[in-house]
Amino acid sequence: MSGETNRDLKLEIAHVLFIDIVGYSKLLHNEQSEVLRELNEIVRNTEQFRAADAVGALLRLPTGDGVALIFRNSPEAPVHCALEIAEALKSRSRFQLRMGIHSGPVNEVSDVNERANIAGAGINIAQRVMDCGDAGHILLSKHVAEDLEHHERWRPHLHELGEMMVKHGVGIRLVNLATDGLGNLEVPAKIQREREARTVLARRARAKLRNGIVFGSLVAIAIVGVALFLLRDRFRPHPVQAAMDATGVAVLPFENLSREAENAFFAEGIQDDLLTNLARIKALRVISRTSVMKYRDIGERNIRAIAETLGVANILEGSVRREKDRVVVNAQLIDARSDRHVWANRYDRNLSDALGLEGELAGEIADASRPRTRMPGRCVCARFRSWKAPIPCSRILTARKTCIRKR
Numbered sequence: 080m081s082g083e084t085n086r087d088l089k090l091e092i093a094h095v096l097f098i099d100i101v102g103y104s105k106l107l108h109n110e111q112s113e114v115l116r117e118l119n120e121i122v123r124n125t126e127q128f129r130a131a132d133a134v135g136a137l138l139r140l141p142t143g144d145g146v147a148l149i150f151r152n153s154p155e156a157p158v159h160c161a162l163e164i165a166e167a168l169k170s171r172s173r174f175q176l177r178m179g180i181h182s183g184p185v186n187e188v189s190d191v192n193e194r195a196n197i198a199g200a201g202i203n204i205a206q207r208v209m210d211c212g213d214a215g216h217i218l219l220s221k222h223v224a225e226d227l228e229h230h231e232r233w234r235p236h237l238h239e240l241g242e243m244m245v246k247h248g249v250g251i252r253l254v255n256l257a258t259d260g261l262g263n264l265e266v267p268a269k270i271q272r273e274r275e276a277r278t279v280l281a282r283r284a285r286a287k288l289r290n291g292i293v294f295g296s297l298v299a300i301a302i303v304g305v306a307l308f309l310l311r312d313r314f315r316p317h318p319v320q321a322a323m324d325a326t327g328v329a330v331l332p333f334e335n336l337s338r339e340a341e342n343a344f345f346a347e348g349i350q351d352d353l354l355t356n357l358a359r360i361k362a363l364r365v366i367s368r369t370s371v372m373k374y375r376d377i378g379e380r381n382i383r384a385i386a387e388t389l390g391v392a393n394i395l396e397g398s399v400r401r402e403k404d405r406v407v408v409n410a411q412l413i414d415a416r417s418d419r420h421v422w423a424n425r426y427d428r429n430l431s432d433a434l435g436l437e438g439e440l441a442g443e444i445a446d447a448s449r450p451r452t453r454m455p456g457r458c459v460c461a462r463f464r465s466w467k468a469p470i471p472c473s474r475i476l477t478a479r480k481t482c483i484r485k486r
């Protein structure tokens with residue numbers, strides 16, 4: 080039986096005018112009855128209503144606090160009817176209306192009294208369009224407006240409102256119809272609120288991007304400092320355990336000291352950028368992120384045990400703290416063989432000036448670490464340029480000190 084019913088279902092495109100009485104639920108019972116009677120009288124007296132009804136091209140659906148008119152003749156019919164109703168209301172101050180118009184698929188059904196009725200997406204969307212308006216608004220779906228744009232008489236009176244999210248997450252593009260003192264030119268309150276919400280979201284996205292750039296700059300400063308001290312320590316003469324590579328370095332997850340848990344991603348970003356940039360230095364053997372992430376949630380870290388497990392002599396760890404517009408990054412490079420700090424630094428910066436500072440410090444550090452080529456016997460730095468094998472960090476530091484004394 081249900082299969083036969085589905086085969087008999089016939090869809091058609093109808094042009095729906097949905098009318099709602101503003102503030103209807105706040106009226107007294109007798110006032111509601113009087114307002115509905117007056118609305119029905121206005122609707123029945125419109126030319127479009129009478130013309131469509133005379134040829135059987137109109138269906139009327141009471142909605143409790145208004146009425147839905149389904150025209151089957153022309154997409155302009157509900158628009159003309161809405162303007163006629165708005166014109167009639169200009170001389171009446173008893174109540175106000177809001178109206179929505181959409182053209183879409185509908186189908187005939189029978190109600191509980193076996194009387195002809197109508198349902199479908201065309202009616203549902205017309206109601207959603209109407210729900211977006213305030214008192215006096217005549218809102219159209221973009222589909223209806225595109226049909227009207229082909230006629231020059233309508234084009235000056237169609238005002239784009241953009242897309243609005245309605246019930247069930249459906250997006251509907253809306254157009255406001257206002258002409259000759261009829262309709263409401265103001266942007267509906269719902270649409271205005273949605274625009275403001277989108278603006279706030281866009282502003283937050285830009286702020287996150289700016290903060291990411293600032294922290295990236297601080298990371299670059301830390302990378303240059305770490306690379307400099309690691310390379311300076313390669314030539315230092317001291318016993319090296321076979322299990323710990325003197326050129327190896329492991330960057331442990333940075334600790335987030337900020338009160339807000341959401342700032343944890345900044346600390347992770349610093350670790351990621353350090354790993355990426357240190358990996359570009361061919362003289363260093365950098366442990367992968369996967370291998371070091373298991374030490375993130377350990378309460379007390381045993382640096383020597385971690386270094387022996389990973390097979391490196393150098394451990395880099397640190398912390399990140401952010402309060403309002405200031406960022407503090409602490410970084411320490413530890414020689415796990417002797418459990419001593421080889422290098423440490425603290426960066427306290429404003430978010431607004433970190434970009435410029437990064438370039439300045441990077442240039443100074445790069446210049447300080449560049450070997451000078453001088454006459455034989457005056458500087459020994461150039462002698463190490465052709466070396467290919469890994470060199471302990473301590474020997475680099477010794478050579479650097481020798482260069483400084485001979486200048």
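To get the numbering used here, take the position in the sequence shown, counting from 1, and add 79. Idealized CB from N, CA, C, for every residue including glycine.
### Query
Cβ of Gly-304 within 8 angstroms of Cβ of Asn-424?
yes
### Message
At the level of alpha carbons, what is the spacing between Ile-180 and Gln-271?
### Response
20 angstroms
#### Entry: His-236 (DSSP reduced to helix, strand or coil)
helix
### Message
Which of the three DSSP states is assigned to Glu-347 in this structure?
### Response
helix
#### Entry: Contacts around Trp-233, its chain only, beta-carbon distance under 6 angstroms, and the 5 residues preceding and following it disregarded
Leu-227
### Query
Would you call Arg-86 buried or exposed, if buried means 16 or more other Cβ atoms sit within 10 Å of its Cβ?
Residue placement at Arg-86 is flagged as unreliable, the pLDDT there being 49, under the threshold of 50; a coordinate-derived value is accordingly withheld.
### Query
Nearest to Leu-336 by CA position, among Asn-119, Glu-231, Gly-248, Arg-405, is which residue?
Arg-405
### Message
For Gly-250 and Glu-242, I'd like the C-alpha separation in whole angstroms.
### Response
6 angstroms
### Task
With a floor of 3 residues, list each beta strand (DSSP E) that falls wholly inside the stretch 94-144, ordered by position along the chain.
137-141
### Task
Could you work out which residue in Arg-171, Ala-130, Lys-169, Arg-177 is closest to Ala-147 when comparing CA atoms only?
Arg-177
### Message
Only counting the same chain, and skipping five residues up and downstream in sequence, which positions put a Cβ closer than 7 angstroms to that of Leu-106?
### Response
Val-114
### Query
Along the chain, where does the beta strand (DSSP E) that runs through Glu-396 open and close?
391-402
### Query
Ordered along the chain, which non-local residues of its own chain (more than five positions away) have a Cβ less than 6 angstroms from that of Asp-427?
Val-407
### Task
Helix, strand or coil for Ile-270, going by three-state DSSP, please let me know.
helix
### Task
Decide if the stretch 218-226 is in contact with the stretch 119-129; the criterion is three or more beta carbon pairs, one per stretch, under 8 angstroms apart.
no
### Query
For Arg-252, which residues from the same chain have a beta carbon less than 6 angstroms from its beta carbon, with the 5 sequence-adjacent residues on both sides left out?
Lys-221, Glu-242
### Task
Check whether the Cβ of Leu-354 sits closer than 7 angstroms to any heavy atom of the ligand NAP, and report yes or no.
In terms of ligand content, the structure shown is empty, and the ligand NAP therefore cannot be addressed.
### Task
Leaving out five residues on either side along the sequence, give the residues of the same chain with a beta carbon under 7 angstroms from the beta carbon of Ser-370.
Leu-389
### Query
Among Pro-332, Ala-346, Phe-344, Ile-300, which residue has its Cα nearest to the Cα of Gly-378?
Pro-332
#### Entry: Span separating the alpha-carbon of Glu-110 from that of Arg-274
36 angstroms
### Message
What does the alpha-carbon distance come out to for the pair Ala-165 and Arg-171?
### Response
10 angstroms
### Neighbourhood of Ala-205 by C-beta, 6 angstroms cutoff - its chain only, sequence neighbours within 5 removed
Val-95, Phe-97, Gly-179, His-181
### Message
Considering only DSSP beta bridges, list what Arg-283 is partnered with.
### Response
Paired residues: none, contrary to the question.
### Message
Contact defined as beta carbons within less than 8 angstroms: I believe Leu-354 pairs with Val-298. What is the distance between those atoms, to the nearest angstrom?
### Response
Going by Cβ atoms, the distance from Leu-354 to Val-298 rounds to 10 angstroms, so no, they are not a contact pair.
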